[in-house]
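Notes follow the structure.
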Amino acid sequence: MKSTRRDFIKQLGFVSIGFSILGTACMSNETGENVAESDDSNRPDDINAWLRVMEDGSILILTGKMELGQGIRIAVAQVAAEELNTSPDLVEVNLAETGVTANEGYTAGSRSIETSAMSIRNAAAAAREKLLSLASEKWGVPQSELTLENGTISGGNEKMSLYEVLEGRQLREEIGQPTEIYGKTRRKYVGQPVPRKDISQMVRGNLDYVQDLTFPGMVHARVIRPSGYTSKLGSLDDASLQNFPGFLKLVRIGSFVGVIAEEEYQAIKFSWEVNDLAQWELGDELPAGVPLKEHLKTLDAEVETEEEKGDWESAIKEAPIQHKAAYYKPYLMHAANGPSCAVAYFENEKLQVWSHTQGVYPLRETLANLLEIPEASIHVKGVPGSGCYGHNGADDVAAEAALLAVEFPGRHVRLQWMRDEEHRWEPYGTAMIMELEAGLNSEGKIQGWKYDFWSDGHSTRPNGEPKTLLPARFLDRDHGVPGVGFKGGAVRNSKPYYAIDALQTTSHIFQGPLRKSALRALGAFGNIFAIECFMDELAHKAGKDPVEFRLDHLDDERAIACLDRIKKMTSEVTPKNREGLGYAFARYKNSASYFAVAVHVQVNEAGIVQVKKMWGVIDSGETINPDGLKNQTEGGMIQAASWALREEVQFDKEHVTSRDWHTYPIFRFEEIPEVEVEVIDRVEEKPLGAGEAAQGPTAAAVINAVFDATGERIRDLPVNPVEKYLR
181 MKSTRRDFIK QLGFVSIGFS ILGTACMSNE TGENVAESDD SNRPDDINAW
231 LRVMEDGSIL ILTGKMELGQ GIRIAVAQVA AEELNTSPDL VEVNLAETGV
281 TANEGYTAGS RSIETSAMSI RNAAAAAREK LLSLASEKWG VPQSELTLEN
331 GTISGGNEKM SLYEVLEGRQ LREEIGQPTE IYGKTRRKYV GQPVPRKDIS
381 QMVRGNLDYV QDLTFPGMVH ARVIRPSGYT SKLGSLDDAS LQNFPGFLKL
431 VRIGSFVGVI AEEEYQAIKF SWEVNDLAQW ELGDELPAGV PLKEHLKTLD
481 AEVETEEEKG DWESAIKEAP IQHKAAYYKP YLMHAANGPS CAVAYFENEK
531 LQVWSHTQGV YPLRETLANL LEIPEASIHV KGVPGSGCYG HNGADDVAAE
581 AALLAVEFPG RHVRLQWMRD EEHRWEPYGT AMIMELEAGL NSEGKIQGWK
631 YDFWSDGHST RPNGEPKTLL PARFLDRDHG VPGVGFKGGA VRNSKPYYAI
681 DALQTTSHIF QGPLRKSALR ALGAFGNIFA IECFMDELAH KAGKDPVEFR
731 LDHLDDERAI ACLDRIKKMT SEVTPKNREG LGYAFARYKN SASYFAVAVH
781 VQVNEAGIVQ VKKMWGVIDS GETINPDGLK NQTEGGMIQA ASWALREEVQ
831 FDKEHVTSRD WHTYPIFRFE EIPEVEVEVI DRVEEKPLGA GEAAQGPTAA
881 AVINAVFDAT GERIRDLPVN PVEKYLR
C-alpha cells in the first residue's frame with residue numbers, strides 16, 4: 181500500500197481540518213470529514229513516535245514542541261538529517277499536535293533541545309541502523325558495504341529509497357541505544373549554521389500564523405471584558421442587538437460574555453455595544469494607594485530555607501568587611517507584538533482547537549475539564565503565533581474560543597484579542613524583592629552569604645485545572661483562581677553558582693495582586709539580577725576588578741572560560757565621560773547554559789541610559805545550530821536590557837492601566853544596541869538549555885555599567901530615567 185500524506189493523516193484517526201499536517205497553509209476541508217477520536221497510542225520509546233518515512237523521499241519529524249521563534253524547527257531537522265545522512269531540505273517538521281506528536285508537555289524551561297531534539301536524534305540514529313539492517317537482509321549484502329544518503333540506501337548492485345526498503349510500512353521498533361551518534365562523530369549538519377527556512381517567508385510576509393487562519397464559513401467573535409479580575413456581571417439587556425446586520429449570537433455564561441458575528445469588524449462593533457449595555461459589579465480593589473514594593477512585604481508569605489551550609493551568620497558578623505543591599509523588579513509583560521488568537525470548531529460532540537499554546541496536551545486536558553468533554557473528543561493543533569517566551573494569553577483565548585464554539589456549533593469560530601486585552605489580561609512575570617547580606621575576609625573573599633527573596637509563584641500554566649484559564653473565573657460555576665502556582669520557578673538560581681562555604685537562602689512566597697505566570701527565565705531573572713549586582717558591589721568593597729572578583733569565587737572551568745573570553749572581548753573598550761562598562765555571569769538553573777556578558781552604557785545629562793553595545797559569551801555544551809544559538813542569546817540580551825531600562829506593569833484600584841505601547845514602553849528599534857555574541861562549542865558535552873540564559877546576567881550588567889558611569893548604585897527596576905538617582 182502506498183503511503184501518501186493524506187493516507188498518513190487518515191491512519192492517525194482524524195483529518196486536520198484547515199491546513200495540511202506539514203504546515204499552516206490555510207485550506208478548506210477537502211474530505212468533509214469531522215474530527216474523530218485522536219490516537220494517542222504511539223509510544224515515545226518507538227521510532228515512529230518521532231519520525232516517518234514518506235513516499236516522496238522526505239522524512240517527517242514529529243516534535244511535541246512549539247516553534248516560538250527560537251528555531252526549534254530547524255534544530256530538530258538538523259539532528260534528524262545528521263543521523264540519517266540526509267539533506268535538511270528533505271526533512272519536514274510537524275509541530276505539537278494531540279494524537280500526532282508525542283506528549284512533551286510544554287515548550288518551556290529552555291529544554292526543547294535537551295529533550296525533544298535528543299529524542300529525535302536517538303530515534304533517527306536507531307532508524308538508520310534498522311534501515312541498513314533491513315537492506316542488508318533483503319539484499320544479502322553486509323551492512324559495512326551499504327551507505328545511506330539523502331533518503332536512499334545503496335550497496336553492491338542495489339539501490340532503493342528508504343520507503344521502498346520499508347515496503348510502505350513505518351518503523352515501530354523501540355529506539356533502544358544506537359551504536360553511533362553521527363552528531364558526535366561526523367557533524368555534517370549538526371554544529372553548522374543551517375539557515376532557517378521560515379526567515380525568508382517572514383521577511384516576505386508569507387508565513388502563516390494562527391492569526392492568519394481562514395476557513396469556509398468562519399465567523400468572528402469578541403469577548404466583553406469586565407472592569408477587574410473579580411468583577412461580576414450585574415445586568416445586560418441585549419435585545420437591541422438582534423436588529424444589527426451580521427449579528428449571530430450573544431453568549432452569556434455567568435459573567436463570561438461573548439459576541440459572534442459574520443465579520444470581524446462587526447464583532448468588534450457589537451462588543452462595544454454590549455460593553456455599553458453591560459452593568460458590572462467592580463469586585464475587589466487592587467492595592468494602588470501604596471508603592472508595590474511596600475505592599476508585597478505586607479502579604480502573608482510561606483517562608484522556607486532553600487539552601488543552608490556552614491555557620492553563615494557568624495561568618496558574616498565576624499567579617500572585617502560587611503555589606504547589605506536590597507533589589508526590586510516589578511511585574512513585567514510578555515507583551516507579544518501579535519495579540520493572542522485562536523480558532524475553534526465544535527460539531528457532533530467533537531471539538532477542534534487551533535492555538536499558539538505552548539502545551540497542546542496540557543491545554544487539551546484543561547479544556548476537557550472546563551467544558552466537561554472527554555479528552556478523546558478534543559483535538560488541539562499547535563500553530564505558531566507571535567513569540568512571547570512564556571505563558572501569555574494563548575491558552576486563555578483558546579479556552580474562550582472553545583466556549584463560544586460549543587455555543588455556536590457547526591462553524592469555525594475565530595477569536596482575536598485586541599492590544600489592550602493582551603496587555604491588561606495576560607498573566608505577567610511576577611514582581612520580586614531580593615535582599616542580600618555578605619561578609620568578606622581581609623583578602624576580599626566571601627566568607628558568609630545570606631539571601632532572602634520575596635516572590636509569587638512563577639507559573640500557573642494549564643495543568644488540568646480550569647482555574648488556570650482566564651474565562652473560568654467568570655463562569656457561573658466557581659472554579660476559583662490558581663493561587664501561587666509553581667514555587668520552583670521562584671527558587672530558580674537563588675543559590676549563587678560561586679564557591680561560598682557558608683550561606684543561607686530563604687524564600688518568602690506570597691500571592692500577589694496581579695495575575696501572573698511563567699515569563700522568560702522565571703525567578704532566575706530577579707535572582708540573578710540581584711546576585712550579580714551584589715557581586716559587583718562586593719567587588720567594589722573589596723577594591724577588586726569585578727571580573728577578577730568573580731573568577732576568585734569560581735571553581736568550574738567552563739564558567740571561568742566564559743568570563744575569560746568576555747574580558748578579552750572588551751579589553752580594548754575605554755569608556756568616556758558618563759560612560760560605563762558592566763559585567764555579569766550566571767549558569768542558568770545552575771545546570772544549563774553558562775553565560776557571561778558585558779554592557780557598555782552612556783548616561784546623558786537628562787539621566788537617560790543608552791546601551792551602546794553588549795557582548796556575550798555562551799557555552800551551551802554541544803551546539804546544534806550556532807546561528808540559532810546566537811540569535812536566541814542576542815534576543816534575550818536585548819529583551820533583558822529593555823526590562824531593565826523601560827518596562828513595568830502599572831495599575832490602579834480597578835485594573836491594569838498599561839494598555840498599549842505608550843503606557844508600557846519597550847525598546848524601540850533606534851534604542852537597540854550593537855550586540856556581539858561568541859559561542860563556545862563543546863562537542864563532547866551534551867546540549868544545554870540556552871533560551872533563558874541571558875536574562876538575569878544582562879540586566880545586572882546594565883545596572884553595573886550605570887554604576888561605572890555615574891558612581892551611583894541603582895537597585896530598583898526599571899532604571900530610566902536615572903536622574904532621580906543622581907546627586
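First residue of the sequence shown: 181, per our numbering; consecutive thereafter.
Virtual Cβ for every residue (Gly too), placed ideally from N, Cα, C.
Whole-number beta carbon distance between residue 309 and residue 226, since they are thought to touch under 8 Å: Your numbering for residue 226 matches position 46 in the sequence shown. Your numbering for residue 309 matches position 129 in the sequence shown. Not a contact, Cβ separation roughly 15 Å.
Here's the rule I'm using: 16 or more other beta-carbon atoms within 10 Å means buried, otherwise exposed. How should residue 284 be labelled? Here residue 284 corresponds to residue number 104 of the sequence shown, with the count starting at 1. Buried is the call here.
Taking the alpha-carbon positions, what's the residue 202 to residue 236 distance? Counting from one through the sequence shown, the residue named residue 202 turns up at place 22. Counting from one through the sequence shown, the residue named residue 236 turns up at place 56. Since pLDDT at residue 202 reaches only 32, below the 50 mark, its modelled position is unreliable, and the value read off the structure follows with that caveat. So the alpha carbons of these two residues sit roughly 13 Å apart.
Decide if residue 500 is buried, meaning its Cβ has at least 16 other Cβ atoms within 10 Å, or exposed. For the purposes of this step, residue 500 is taken as residue 320 along the sequence shown, with counting starting at 1. Exposed.
My output table needs one value for residue 605: the three-state DSSP class, helix, strand or coil. Counting from 1 along the sequence shown, the entry for residue 605 is found at position 425. Here residue 605 sits in helix by DSSP.
Given a cut-off of 9 Å on the beta-carbon distance, is the pair residue 428 and residue 833 in contact? Residue mapping note: residue 428 aligns to position 248 of the sequence shown, counting from 1. Residue mapping note: residue 833 aligns to position 653 of the sequence shown, counting from 1. For residue 428 and residue 833, no; Cβs fall outside 9 Å.
Near residue 168, which residues of its chain fall below 6 Å by C-beta distance, leaving aside the five closest residues on each side in sequence? Because the chain in this structure spans residues 181 to 907, residue 168 falls outside the shown range and cannot be described.
May I have the straight-line CA-CA distance separating residue 891 from residue 671, to the nearest angstrom? Residue 891 sits at position 711 when you count from the first residue of the sequence shown. Residue 671 sits at position 491 when you count from the first residue of the sequence shown. Taking the straight line from one Cα to the other gives about 31 Å.
Using the rule of at least 16 other Cβ atoms within 10 Å of the residue's Cβ for burial, across every protein chain shown, is residue 263 buried or exposed? For the purposes of this step, residue 263 is taken as the residue at position 83 of the sequence shown. The residue in question, residue 263, is buried, as its Cβ has 16 or more Cβ neighbours within 10 Å.
With burial defined as no fewer than 16 other Cβ atoms inside 10 Å of the residue's Cβ, what is the status of residue 245: buried or exposed? Reading the sequence shown from its first residue, position 65 is the one you call residue 245. Residue 245 should be labelled buried.
How far does the beta strand (DSSP E) with residue 436 in it extend, from its first residue to its last? Residue 436 sits at position 256 when you count from the first residue of the sequence shown. Its beta strand (DSSP E) spans residues 436-441.
Checking the sheet assignment: what are the DSSP bridge partners for residue 559? Translated into positions along the sequence shown, residue 559 becomes position 379. BP columns for residue 559 point to 532.
With DSSP collapsed to three states, give me the class of residue 894. Numbered from its first residue, the sequence shown carries residue 894 at position 714. Residue 894: coil per DSSP, three-state reduction.
Three-state secondary structure (DSSP) at residue 738? Looking up residue 738 in the sequence shown gives position 558. Three-state DSSP puts residue 738 in a helix.
Mapping the DSSP letters down to three states, classify residue 851 as helix, strand or coil. Locating residue 851 in the sequence shown gives position 671, counting from the first residue. Note: residue 851 maps to helix in three-state DSSP.
Continuous beta strand (DSSP E) assignments of at least 3 residues falling wholly in the segment 609-679: 612-620, 626-635
In angstroms with no decimal places, state the Cα-to-Cα distance between residue 576 and residue 838. For the purposes of this step, residue 576 is taken as residue 396 along the sequence shown, with counting starting at 1. For the purposes of this step, residue 838 is taken as residue 658 along the sequence shown, with counting starting at 1. C-alpha separation (whole angstroms): 19 Å.
Do the segment 592-599 and the segment 392-404 make contact, defined as three or more Cβ pairs closer than 8 Å? yes
Which runs of the beta strand (DSSP E) fall wholly inside the segment 422-471 and span at least 3 residues, in chain order? 427-433, 436-441, 459-461
Range of the contiguous beta strand (DSSP E) that encloses residue 413: Along the sequence shown, one-based indexing puts residue 413 at 233. Taken as a continuous stretch (DSSP letters only), the beta strand (DSSP E) holding residue 413 covers 412-415.
Closest by C-alpha distance to residue 646, when choosing among 625, 580, 692: Taking the sequence shown and counting its residues from 1, the one referred to as residue 646 is at position 466. It is 580 whose Cα lies nearest to the Cα of residue 646.
Here's the rule I'm using: 16 or more other beta-carbon atoms within 10 Å means buried, otherwise exposed. How should residue 347 be labelled? Taking the first residue of the sequence shown as 1, we reach residue 347 at position 167. Result: exposed.
Candidates 736, 640, 658, 551: closest to residue 676 by CA position: Locating residue 676 in the sequence shown gives position 496, counting from the first residue. Of the listed residues, the one whose Cα sits closest to residue 676 is 736.
Considering only their Cβ atoms, is the gap separating residue 306 from residue 335 smaller than 9 Å? Here the question's residue 335 lines up with position 155 in the sequence shown. Here the question's residue 306 lines up with position 126 in the sequence shown. Result no, Cβ atoms of residue 335 and residue 306 do not sit closer than 9 Å.
Boundaries of the beta strand (DSSP E) in which residue 776 is found, first to last residue: Numbered from its first residue, the sequence shown carries residue 776 at position 596. Element bounds for residue 776: 774-783.
May I have a chain-ordered list of the alpha helix (DSSP H) segments no shorter than 4 residues that lie completely inside the segment 799-833? 806-825
By how many angstroms is the C-alpha of residue 249 removed from the C-alpha of residue 541? Here residue 541 refers to the residue found at position 361 of the sequence shown. Here residue 249 refers to the residue found at position 69 of the sequence shown. About 20 Å.
Enumerate, from N- to C-terminal direction, the unbroken alpha helix (DSSP H) stretches of 4 or more residues contained entirely within the segment 565-595. 574-587
Using C-beta distances below 6 Å, list every residue in its chain close to residue 616, excluding the 5 sequence neighbours before and after it, in chain order. By one-based count along the sequence shown, residue 616 stands at place 436. These residues qualify, in order along the chain: 505, 631, 714.
C-alpha gap between residue 694 and residue 371, whole angstroms: The residue given as residue 694 occupies position 514 in the sequence shown. The residue given as residue 371 occupies position 191 in the sequence shown. Answer to the nearest angstrom: the Cα atoms are 43 Å apart.
For residue 994 and residue 311, what's the separation of their Cα atoms in angstroms? Beyond the ends of the chain as shown, which are 181 and 907, falls residue 994; an answer cannot be given.
Residue 769: first and last residue of the uninterrupted alpha helix (DSSP H) it sits in: Taking the first residue of the sequence shown as 1, we reach residue 769 at position 589. Neither: residue 769 is in no alpha helix (DSSP H) and is coded neither H nor E.
Host alpha helix (DSSP H) of residue 541 (start-end): Residue mapping note: residue 541 aligns to position 361 of the sequence shown, counting from 1. It spans 540-551 - the alpha helix (DSSP H) in which residue 541 sits, taken as one unbroken run.
Rounded to whole angstroms, what's the CA-CA distance from residue 866 to residue 792? Just pull it up for me. As a first step, residue 866 must be located in the sequence shown, where it is residue number 686. As a first step, residue 792 must be located in the sequence shown, where it is residue number 612. Answer to the nearest angstrom: the Cα atoms are 34 Å apart.
Taking C-alpha atoms, which residue in 635, 643, 718 lies nearest to residue 503? By one-based count along the sequence shown, residue 503 stands at place 323. Among 635, 643, 718, the Cα nearest to that of residue 503 belongs to 718.
Since residue 794 sits in a beta bridge, which residues does DSSP pair it with? Position 614 of the sequence shown holds residue 794. DSSP, once it has assigned bridges, lists 779, 855 as partnering residue 794.
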